[in-house]
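There are 2 protein chains.
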Amino acid sequence: MHNETWRPPCVLLTVDLVILTLRSSALHVLLVERGIDPHKGELALPGGFISDTGEDIFDAACRELREEAGLDATSLHLEQLNTYGRPDRDPRGRIVSVAYLAIAPGLPEPEAGTDASAASWRPVEEFTSGHRKLAFDHREILDHGLERARTKIENTSLATAFCDTTFTITDLQRVYEAVWGFEIDPRNFYRKVQAISGFITPVDSDRRTTKGRPARLFQAGPEHLLRPPMLRPLPQPRPFSRPRSETS
Amino acid sequence: MHNETWRPPCVLLTVDLVILTLRSSALHVLLVERGIDPHKGELALPGGFISDTGEDIFDAACRELREEAGLDATSLHLEQLNTYGRPDRDPRGRIVSVAYLAIAPGLPEPEAGTDASAASWRPVEEFTSGHRKLAFDHREILDHGLERARTKIENTSLATAFCDTTFTITDLQRVYEAVWGFEIDPRNFYRKVQAISGFITPVDSDRRTTKGRPARLFQAGPEHLLRPPMLRPLPQPRPFSRPRSETS
DNA sequence: TCAAAAGTGTTGTTATTACACCCATGT
DNA sequence: ACATGGGTGTAATAACAACACTTTTGA
């Protein structure tokens with residue numbers, strides 16, 4: 001195939017992060033405004049080049065998560081997404097990017113006057129509705145991350161990664177509604193989610209009170225795979241969301 | 001973060017392929033015996049370095065599929081798996097590998113006296129049962145590919161990629177049994193698979209006859225997502241397979 | 001006492017399982 | 001005719017969707 005003097009080409013490797021969270025019941029993604037020239041001034045996913053000291057790719061994702069987002073990788077969900085390597089995806093040259101999906105609980109403030117100053121939470125709806133652009137192929141990466149989240153909360157306990165250590169069932173419902181983009185009957189959700197063995201476990205005799213009747217608190221259960229799964233209706237039988245109140 | 005004289009490090013990029021097929025109702029993976037020195041003589045996944053002419057990663061996977069396996073990428077399923085970049089995964093240096101999962105219909109002969117001479121189909125059971133090793137971290141990559149296949153045939157029509165353009169329902173059942181590793185009731189499978197809208201469509205008045213009653217032929221339907229999905233029982237309620245015949 | 005959110009009951013429908021049983025072909 | 005796989009019936013159970021209704025709090 002190759003003669004013996006042939007040397008394989010090398011590429012530059014970056015890590016890009018799709019960091020999702022819930023802010024006031026809406027799905028948000030952490031984006032940075034680019035300060036340097038390729039796509040300067042545009043919004044982009046946080047990320048950067050892998051370190052030259054033989055750093056593992058996952059470790060690089062953790063480092064970027066800390067440096068660019070001010071988040072601690074040990075306390076949140078982080079999984080690899082796809083790898084993007086179209087030759088023309090970056091004008092600087094052949095840059096291949098390994099994308100990661102991170103899920104953070106809602107409350108952590110976006111950033112402080114720290115390293116991560118350029119980062120801010122943006123509603124994903126701004127980008128999925130088409131009218132706002134992202135640098136490079138980051139729109140495609142974001143779409144893949146969103147699709148991954150949508151399908152993974154069906155079959156795994158990933159939705160609890162959006163919640164604090166204790167949460168109410170309604171908190172969890174807000175996660176499903178934000179990620180899927182439509183509303184769910186709270187009464188059926190309430191029982192369905194509890195019927196899935198190992199999904200959530202109650203925190204005994206502890207309740208959160210806001211308005212109305214205080215709600216039971218739960219925490220993530222031991223099971224990762226949900227059986228039966230939380231199946232969402234596909235946009236075939238019911239393309240639009242129904243109004244939340246049907247109290248006739 | 002970095003001073004302006006800093007230049008990002010570059011890595012060598014390879015593509016590795018997990019190519020699965022069914023041979024006499026058993027799941028097989030295509031492996032090559034390494035002819036050169038890192039892990040020389042050991043079994044490895046087919047793959048190779050990305051071309052230096054600005055080749056897209058997916059195109060590189062197609063090329064390796066042709067060169068090392070003698071398979072045509074346009075006629076089979078090919079999707080990206082994870083990317084593996086542990087610094088010590090290859091003794092030659094920093095080599096990052098993008099893994100792909102390919103699914104091929106059963107019948108194509110493994111190889112001829114072509115480029116792909118070193119490749120041969122091996123039962124996956126040899127490797128999942130622990131007693132046989134693979135070069136590099138290819139055992140881990142294979143496991144990821146198998147797990148991806150196991151879960152994807154639950155929710156998508158991926159199982160039809162193991163079949164020829166027309167197939168019987170029993171053919172399809174063999175796929176599920178081989179990938180999942182346990183047997184399924186043929187009568188319930190028969191109806192369940194037909195009840196999933198868009199999964200398979202009948203080829204009118206055409207039948208395949210081997211032994212027993214001739215079977216109806218089907219082809220892959222238009223739908224990619226299976227609703228309801230083909231859920232397999234987890235190893236919780238029924239850890240072992242039941243005998244195929246319960247004809248009391 | 002009233003609004004609001006939590007939580008329970010009920011009913012009809014669909015999906016799943018575990019089988020018994022019949023059908024159509026080659027030998 | 002009989003073995004062999006293809007295909008149908010059925011009944012019990014589980015999951016699901018829709019929606020009425022009760023409970024518990026704050027204001």
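Chains A and B, in that order, give the protein sequences. Residue numbering for the first sequence follows the UniProt record's numbering, beginning at 1 and increasing consecutively. Residue numbering for the second sequence follows the UniProt record's numbering, beginning at 1 and increasing consecutively. Here a beta-carbon is modelled for each residue, glycine too, at the ideal position from N, C-alpha and C.
- Scanning its chain for C-beta atoms nearer than 6 Å, with the 5 sequence neighbours on each side dropped, one finds around B:Thr21 the residues His28, Ala104, Gly106, in chain order.
- One thing to note: A:Ala102 has its Cβ within 7 Å of the Cβ of A:Leu76.
- Residue-level contact check: A:Cys10 touches chain B, since one or more beta carbons of chain B fall below 7 Å from its beta carbon.
- A check of alpha carbon separations from B:Arg7 across A:Leu17, A:Gly93, A:Arg213, A:Asp204 identifies A:Gly93 as the nearest.
- With fewer than 16 other CB atoms across the displayed protein chains lying within 10 angstroms of its CB, B:Thr74 is exposed.
- Within the UniProt domain "Nudix hydrolase" (5 to 146) of chain A, complete alpha helix (DSSP H) segments of at least 4 residues are found at 57 to 69, 125 to 128, given in chain order.
- Secondary structure of A:Arg208 (DSSP, three-state): strand.
- Taking a C-beta distance under 7 Å as the contact criterion, A:Leu43 and A:Leu17 do not qualify as a contact pair.
- Annotation: A:Pro235 to B:Ser120 spans about 43 Å, alpha carbon to alpha carbon.
- Residue-level contact by beta carbon fails for B:Leu146 and chain A, as no gap is shorter than 7 Å.
- Minimum Cα-Cα distance from A:Leu13 among the listed residues B:Ile95, B:Glu67, B:Cys62 corresponds to B:Ile95.
- Within the region 163 to 190 of chain A, no residue has its Cβ closer than 7 Å to any Cβ of chain B.
- By the neighbour-count criterion, in which a residue is buried when 16 or more other Cβ atoms sit within 10 angstroms of its Cβ, A:Gly145 is buried.
- Annotation: the continuous alpha helix (DSSP H) that includes A:Arg174 extends over 169 to 180.
- Going by C-alpha positions, A:Arg187 is about 16 Å away from A:Arg232.
- At a cut-off of 7 Å between C-beta atoms, A:Thr83 counts as an interface residue with respect to chain B.
- Taking a beta-carbon distance threshold of 7 Å, A:Gln219 does not count as an interface residue toward chain B.
- One finds Leu234 in chain A with Cβ atoms closer than 7 Å to the Cβ of B:Leu225, taken in chain order.
- B:Gly106 has a beta carbon lying at 7 Å or more from every beta carbon in chain A.
- Under DSSP, A:Pro202 forms a beta bridge with A:Phe218.
- One alpha carbon belongs to B:Thr156, the other to B:Gly198, and they sit about 11 Å apart.
- For A:Asp52, at least one C-beta of chain B is nearer than 7 Å to its own C-beta.
- Closest in C-alpha terms to A:Lys152, from the list A:Arg23, A:His39, A:Leu225, comes A:Leu225.
- In this structure, A:Gly85 sits away from B:Ile19, with a CB-CB distance that is not shorter than 7 Å.
- The residues Arg174, Ala178, in chain order, have a CB closer than 7 Å to that of B:Ser25 in the same chain once the five nearest residues on each side in sequence are set aside.
- With contacts defined by Cβ atoms closer than 7 Å, B:Glu64 and B:Val11 do not form a contacting pair.
- Within 9 Å of the CB of B:Ile57, the CB atoms of chain A belong to Thr83, Tyr84, Gly85, Arg86, Val96, in sequence order along the chain.
- Within the DSSP secondary-structure output, B:Leu225 pairs in a beta bridge with B:Thr156.
- By the criterion of a C-beta distance shorter than 6 Å, B:Gly212 is surrounded by no residue of its chain, once the five residues flanking it on both sides are discounted.
- Counted as a single uninterrupted DSSP element, the stretch harbouring A:Ala161 is not any alpha helix (DSSP H), since DSSP gives it neither H nor E.
- Taking C-alpha positions only, A:Glu147 is separated from A:Pro123 by approximately 16 Å.
- In the three-state reduction of the DSSP assignment, A:Pro235 falls in the coil class, being assigned neither a helical nor a strand state.
- Under a criterion of Cβ atoms nearer than 7 Å, the residues of chain B adjacent to A:Leu13 are, in order, Val11, Val96.
- The shortest C-alpha to C-alpha distance from B:Val32 to any of B:Ile200, B:Thr53, B:Thr210, B:Ala69 is the one to B:Ala69.
- Contact between B:Ala159 and B:Leu172 holds, since their C-beta atoms are separated by about 6 Å, short of 8 Å.
- For A:Arg213, there is no enclosing alpha helix (DSSP H), as DSSP marks it with neither H nor E.
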